[in-house]
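Worksheet: the structure to be examined is printed underneath.
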Amino acid sequence: MVYPDSRILLVDDERQVLDALSELLQPLGCQLFMTQSPRQGFEILGTESIDVVISDMRMPEMDGDCFLEQVAKQWPATERIVMTGHADAQ
Numbered sequence: 031m032v033y034p035d036s037r038i039l040l041v042d043d044e045r046q047v048l049d050a051l052s053e054l055l056q057p058l059g060c061q062l063f064m065t066q067s068p069r070q071g072f073e074i075l076g077t078e079s080i081d082v083v084i085s086d087m088r089m090p091e092m093d094g095d096c097f098l099e100q101v102a103k104q105w106p107a108t109e110r111i112v113m114t115g116h117a118d119a120q
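Positions 31 to 120 (the numbering used here) are the ones given, in order, by the sequence shown.
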């Protein structure tokens with residue numbers, strides 16, 4: 031759940047998606063951290079107390095599934111959300 035004081039990390043390789051999510055979440059009063067790189071996402075998680083991670087599924091450096099699996103192992107209390115713009119029957 032997202033609260034006004036939530037600290038949210040957005041990870042997506044497309045800047046336009048990050049900007050759109052930022053516009054959507056800013057009115058809620060959340061503190062947002064954004065990166066286009068899963069590697070930088072890990073760096074942010076290592077230095078900031080993040081409540082929620084929202085990650086794209088398809089990224090060139092690492093897919094969202096793998097990224098969020100590692101987040102779950104290292105920061106189990108952090109909520110994780112995966113998103114995608116690509117439909118897949120599986």
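For each residue, glycine too, the CB sits at the ideal point set by N, CA and C.
- request: Work out the CA separation of arginine 45 and threonine 114 for me, nearest whole Å.
  value: Spanning the two alpha carbons is a distance of roughly 14 Å.
message: Which same chain residues end up closer than 7 Å to arginine 110 when comparing Cβ atoms and leaving out the 5 residues on each side of it in sequence?
response: The residues are Val83, Leu98, Val101, Ala102.
query: Buried or exposed: which applies to proline 68, given that a residue is buried once 16 or more other Cβ atoms fall within 10 Å of its Cβ?
result: Burial call: buried.
query: Residues in its own chain within less than 8 Å of leucine 75 by CB, not counting five upstream and five downstream?
result: Leu39, Val83, Val101, Gln104, Trp105, Thr108.
message: 7 Å is my cut-off, CB to CB: does glycine 76 come that close to chain B?
response: Judged by its chain identifiers, the structure shown contains no chain B, having just a single protein chain.
query: What is the DSSP secondary structure of arginine 88, counted as helix, strand or coil?
result: Judged by DSSP in its simplified three-state form, arginine 88 adopts coil rather than helix or strand.
task: Flag this pair as yes or no: are the beta carbons of valine 41 and serine 85 separated by less than 7 Å?
output: Result yes, Cβ atoms of valine 41 and serine 85 sit closer than 7 Å.
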